[in-house]
Structures are given as C-alpha cells and as structure tokens.
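Asker: Residue numbers (our numbering): 451 to 949.
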Ligand code: BG6
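1. My output table needs one value for residue 860: the three-state DSSP class, helix, strand or coil.
2. Measuring only from the beta carbon, is residue 759 closer than 7 angstroms to any heavy atom that is part of the ligand BG6?
3. Do residue 612 and the ligand BG6 come close, with the Cβ less than 7 angstroms from some heavy atom?
4. Quick one: give me the first and last residue of the alpha helix (DSSP H) that residue 934 is part of.
5. Tell me the rounded alpha-carbon separation between residue 949 and residue 842.
6. Straight-line CA distance for residue 945 to residue 805?
7. Select from 502, 532, 531 the residue whose C-alpha is nearest the C-alpha of residue 547.
8. Would you report the Cα separation of residue 621 and residue 585, rounded to the nearest angstrom?
9. From 829, 602, 551, pick the residue whose C-alpha is nearest to that of residue 588; which is it?
10. When the Cα of residue 681 is compared with those of 618, 729, 718, 770, which residue comes out closest?
11. Leaving out five residues on either side along the sequence, give the residues of the same chain with a beta carbon under 7 angstroms from the beta carbon of residue 661.
12. When you compare only the Cα positions, how much space is there between residue 742 and residue 687?
13. Can you round the beta-carbon distance between residue 464 and residue 883 to whole angstroms, since I take them to be within the 8 angstroms contact cut?
14. Just to confirm before moving on: does the CB-CB distance between residue 702 and residue 758 stay below 8 angstroms?
15. How would you call residue 668, buried or exposed, if buried means at least 16 neighbouring beta carbons within 10 angstroms?
16. For residue 737, which option in 593, 881, 934, 802 has the closest C-alpha, if you only look at C-alpha atoms?
17. What are the boundary residues of the beta strand (DSSP E) that includes residue 502?
18. Measuring only the C-alpha atoms, how far is residue 454 from residue 834?
19. According to the neighbour-count rule (16 or more other Cβ atoms, all chains shown, within 10 Å of its Cβ), is residue 632 buried or exposed?
20. Starting from residue 639 and walking both ways along the alpha helix (DSSP H), at which residues does that stretch end?
21. List the residues that DSSP assigns as beta-bridge partners of residue 788.
22. Using CA coordinates, which residue listed in 722, 492, 909 is at the minimum distance from residue 733?
23. In chain order, what residues of the same chain lie with their CB nearer than 7 angstroms to the CB of residue 825, ignoring the 5 residues before and after it?
24. Report the option in 863, 695, 792 whose CA atom is closest to the CA atom of residue 895.
25. Could you tell me the boundaries of the alpha helix (DSSP H) in which residue 906 lies?
26. Between residue 833 and the ligand BG6, is there a pair consisting of the residue's CB and a ligand heavy atom that are separated by less than 7 angstroms?
27. My guess is that residue 469 and residue 571 are in contact by the Cβ rule of under 8 angstroms, so how many angstroms apart are they, rounded?
28. Can you tell me whether residue 671 is helix, strand or coil according to DSSP?
29. Closer than 7 angstroms to a non-hydrogen atom of the ligand BG6 - does that hold for the CB of residue 631?
30. Assuming contact is defined by CB atoms lying nearer than 8 angstroms, are residue 839 and residue 864 in contact in what I supplied?
31. Can you say whether residue 690 is buried or exposed, counting buried as having 16 or more other CB atoms within 10 angstroms of its CB?
32. DSSP on residue 661, reduced to helix/strand/coil?
33. With DSSP collapsed to three states, give me the class of residue 843.
34. Is the separation between the beta-carbon of residue 871 and that of residue 881 shorter than 8 angstroms?
35. Expressed to the nearest angstrom, what Euclidean distance is found between the alpha-carbon atoms of residue 471 and residue 938?
36. Using DSSP with H/G/I as helix, E/B as strand and the rest coil, what is residue 492?
Dropping the structure here:
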C-alpha cells in the first residue's frame, strides 16, 4: 500500500533555507530526511536547500561536509551515484550572521530569483536566535506570503520565556506561517493512534471513563545525555520531554473527535485537553510526581557513567533525567481516569508504549477462574517494533473445561505493511512545504502546556530536593512504582506485552 505513488505525490518546487545548516540537527535529521524524500521522488528537480551558518563554507566544502555526515544514509538509500549527486546539487551554503544581515548576499539573491516559490525557513539554531533571524529575514525582504518558518524546541524554559520567543517571531510571521515542531507528532504510530481512534467504530464508544480504568505512557530511552549537557542540565526531563512530547500524546489520546482532520480542528481539540489538565499545587506535585536522576549502572552489559559524571554537568546538579507523574484530564469523558506518565534517560532499553487499560468485567461467570481474569488492554507501541496489541481473555485449548488465560491480537507494522516506516522529519518537512499545519503545535497549545508545567517546576525546583538516584539500566526510581502501586495498579514494562 505504501508503495503506491499516489501516497507520495511530488511536491512543487520549494526553497528550504536551513539556518544552523552545519549543526547536529541539520546533519542528523533534516538533511537525511530530505535525501530520503528525494530518493522517493517527492522533491521536484528545482527544489533547493540553501544552508546558512556562521561557518565560511562554499558550496563545494559544504557538500563535502554533508557527504561525510550522511555517508550511512547515502549508502542505505542511494542505488546510484547519480541519485546522490542530484541531491548534493541541491545544496548551497552561505555564511550568514543574523545580527548583521546586510552581509547576507548569496542566499538572499538566490531567493529573490524565485519570488513566487514557497520558502521554508528552518531554524535549526538556538531559540535565542529565532527573533533575530526572523527580523533579519524581514529586513532582507525575504518574507513573502508563501514563506513559512519552522521552530524547533525548546520553545522557552517556562511560560514567560516561551511567550517572548513567540512574540519575537510573531512580529514577522503570522501564526499560519509558523510551524512548531514536535517530532513525536510525525511518528507513524502516533498518527496511527488517530486512525485507530477515529477510523474504527470499535474503540470510540469505550474510550471514556465508563470503560477505561487508566492510561499509561512510557517513553524510555537507554541513551544518556551524550554531549548535550550544556542544554540538558538547564532543562531536564520535565522541560525536555514531559512539557511537549508526553503532553502531546496525552492530547491525542484524550481529545474529543475533531469534525475533520485539519489543523484548526485538531489543534482546537488538543487545546481543550491541555486546558483541562488538572493543575498541580505544591502538595500535589510532591504526591503525584517522581523526579529521578541516573547514577552509574550497566546498559546491555556495558558499564555507563552516572549523570553527575557526564561531561559538562554541574557538580551536584539537581537536574532530573527521569520524571513520572499521575495526571488527570478534568473532562466529562475522562473524569477520575488517571494518566500515568513516565519518561527517562538511561533506562533499561529504548521503548515507547501507550497502554489503555480497560475496566474489568462486572461479573465473572467462571467462579473458579475469577483470579485468572485480567482486564483488557490495548497497547500501542510507538518505538521500536511499532505495533498495536489488544490483550483479550481466551479459553486455553483442551478438553479440561474452561481455563482462562490472556492472549493477544497482534498487529506488527513491519510484518503487515512490509515497508520501512519513514522518520518523523520526512513527513513533517514535507508538510511545511505543503502548508499543512495539522501535525504542528499552535502557539496556544505550547503556552497551555507551559501553564500546566510551570507550577510543577516551581514546586520541584523550589523544593531544592535532590532527584532520587536510580541505577542506569533499570526502569527508574522505585518511587515511580509506588506512585502507581498505591492506586492498586502497576506499570506494564515496555516489551512485556510484545515479547
Ligand atoms: C528530543 C529530546 O526532543 O526527543 C531528546 O530533546 C530525546 O532528549 C528525543 O532524546 C527522543 O526522541 P525519540 O524520537 O528518539 O524518541
């Protein structure tokens, strides 16, 4: 099905202007995504990638840099050297200092040569530059009605700093030109959550407090912070993951059905969820949240350092690398249904799963089997080995009467669709060129998320307590188990249900 070209139409020519073009994000995510879409035939031959950075590369040197950085992807996706050369030919590079835009000639002239083309200004830079770059683009007369700007997180450290970034960008770009990236929304399985909910009659009648006991979301990473201490130590897991990716997942799980799958409708429904998150006062934070930090340990048999020993981390840093929270969405649909969220670095393995646990049957008609009956659960595996699993009670085959045991209906995407799933950036980048904001966050969503998260951060950071230490390679602090177990429930460890 995925090989049907009608699902991958060629996009009219556009110019991707990549600020921070020599940086990690560009080389690891943006350019590989463009290469893959190119190989799949979705980029028009005239589409260009105009990289800008403070470096002084000409096009030749830049192409060599990209060649070295993308070697692995190139070998994987390019069948011929012509394909690779065609991609390289799209690339140019200019030294651009956004604080002195007058010197930025080359890329500006290239853009002026095609005034009617869609322009995607991708800001793969520090957010502190978003306003400056936007102003520079305006000053150079480069912002046309068909221009879009893509912003990466972190969109602030709290509500006021987030507003300041948005205000600076809004002075140049209209809201319908601003694409706020949350790459989780571009993941195939995350979009499939919407297909599951809204293209099947089966689930929606049960998708509420009458039938759902609770929801769990686990986003576990086995990696540590790598070389990102300068960023991570100032942000931590709440700002890095909870405020954005996890809350976006809550939105998609909890939102009311939109009338149609378009940006305005989907964003409005997600915003309702964010505004319905039950606020947490300081006592709630202490009761309902667990903050952890990894210590030394072992992952896959290899010894790894603790967070405090990572290069660049402040001595005695209290930055949390793990957070678990019990959250309520105060709407009619979700009244009293807890959403248990957890995310952390250096956990046992990389796995992200959503578990929707339904309520138990009201009465068991097999008295001697009552203890065997477990409630149905729907598991959505976001990564790796993407799939959906529905756990049902069944009869164990055989003549010995009714003996119950859980078994699963299992939909693995790889086996079912026999095609590799595209990276989130591939989908989202092309959406910016097409002008489709459905999978991007609106300003009011980002601000509503900060409004909910800020009091949590204030209570946590104000408490001056150290985070609870957990050994790398485990599933986090034992207090995270206490958080859910005191409600008479337990975490479903990722992979447990997928075997
Ligand atoms: C990013 C965070 O937004 O998401 C990283 O800044 C994190 O800290 C990453 O590692 C996780 O993304 P994924 O797609 O690997 O789950």
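Yeah, the Cβ is synthetic: ideal placement off N, Cα and C, and Gly gets one too.
Answerer: Quick answer:
1. strand
2. no
3. no
4. 928 to 935
5. Only weak support is given to the placement of residue 949: the predicted model assigns it a pLDDT of 44, under 50, and the value that follows is read from those uncertain coordinates. Each residue's Cα considered, the two are about 16 angstroms apart.
6. Going by the C-alpha atoms only, they are around 12 angstroms apart.
7. 502
8. 8 angstroms
9. The shortest C-alpha to C-alpha distance from residue 588 to any of 829, 602, 551 is the one to 551.
10. 770
11. 808, 809
12. 9 angstroms
13. 5 angstroms
14. no
15. A residue is called buried once 16 or more other Cβ atoms fall within 10 Å of its Cβ, and residue 668 is buried on that count.
16. Measuring from the Cα of residue 737, the nearest candidate turns out to be 934.
17. 498 to 503
18. Its pLDDT being 45, under 50, residue 454 is placed unreliably by the model, and the measurement read from it follows with that caveat. For residue 454 and residue 834, the distance between alpha carbons rounds to 24 angstroms.
19. buried
20. 638 to 648
21. 778
22. Between residue 733 and the set 722, 492, 909, the nearest pair of CA atoms involves 909.
23. 663, 807, 808, 809, 810
24. 695
25. 893 to 913
26. Within the cutoff, so yes.
27. 7 angstroms
28. coil
29. no
30. Judged by their CB atoms, residue 839 and residue 864 are not nearer to each other than the 8 angstroms cut-off.
31. buried
32. coil
33. strand
34. no
35. 50 angstroms
36. coil
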